[in-house]
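According to this note's numbering, the sequence shown holds residues 1070 to 1223 in order. Only one structure is covered here, and it is reproduced in the block below.
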Amino acid sequence: MTPIPKSAAQLYETDFVAWTEKTVQLIRAGQFGQVDWDAVIEEIESLGRSDRRELKSRLEVLLHHLLKWQYQSGLRSGSWQNTIDEQRNKILDLLQESPSLNSYPEEVLAQSYHRGLKAASNETQLPIDTFPVECPYSIAQVLDVEFLPDAVDF
């Protein structure tokens, strides 16, 4: 069995949780010279990217379910409604926690729509050209907790 590395830099590469605990301990003790600042900076940057990824992912799922709601109205369920509500709530939580992301949903709406569109087509087994090429909803509608699209008649 190999011994656990002692330096913060070694821990970062071998045991992330131990690295975070050691880094917090060093910072609280004011031992700033022993902190692996490059790793700290990398992790802080990663946190911002993580929130953006989560917001985009939730937007994709939300658009997927809005399309299902609109294009398969005969199969609507409480589960679909719960997914729509949950995604909106989580998006709104992220935006409340990080107001600097307020413009991000609109920035990624088109890309998120295309991913949600593909998922909706796959799940509903409706041809992709059944759905609009561009997102038929404004970002305000997408995030509006009261908005549900009207059914499309075929």
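C-beta atoms are modelled at their ideal positions from N, C-alpha and C, and glycine is treated no differently.
Counted within 10 angstroms of its Cβ, other Cβ atoms place residue i as buried (16 or more) or exposed
i, result
"F1085", "exposed"
"Q1156", "buried"
"Q1194", "exposed"
"Q1150", "exposed"
"I1153", "buried"
"V1093", "exposed"
"I1110", "exposed"
"L1161", "exposed"
"V1211", "buried"
Sequence-distant residues of the same chain with beta carbon closer than 7 Å to residue i, five excluded per side
i, result
"L1163", "D1120, E1123, L1124 and L1170"
"E1215", "none"
"R1145", "W1138"
"I1096", "V1104"
"F1200", "L1136, Y1140, L1186, A1189 and S1190"
6 Å Cβ shell around residue i - same chain, five flanking residues per side excluded
i, result
"Q1139", "P1218 and V1221"
"E1129", "S1181, R1184 and G1185"
"I1197", "S1190"
8 Å CB neighbourhood of residue i in its chain, flanking five on each side removed
i, result
"Y1081", "W1088, D1105 and A1108"
"I1208", "P1174, E1175 and L1178"
Supposed close pair residue i, residue j - CB separation, criterion 8 Å
i, j, result
"R1127", "K1159", "5 Å"
Is it a yes or a no for the segment 1097-1111 touching the segment 1163-1181, going by three-plus beta-carbon pairs under 8 Å? Not touching, per the Cβ criterion.
Which runs of the alpha helix (DSSP H) at least 4 residues long sit entirely within the segment 1118-1166? Give them in chain order. DSSP runs (the alpha helix (DSSP H)) wholly in the segment 1118-1166: 1147-1166.
*asked:* Extract the residue ranges of the alpha helix (DSSP H) inside the segment 1073-1118, only unbroken runs of 4 or more that lie entirely within it.
replied: You should have 1077-1083 and 1085-1097.
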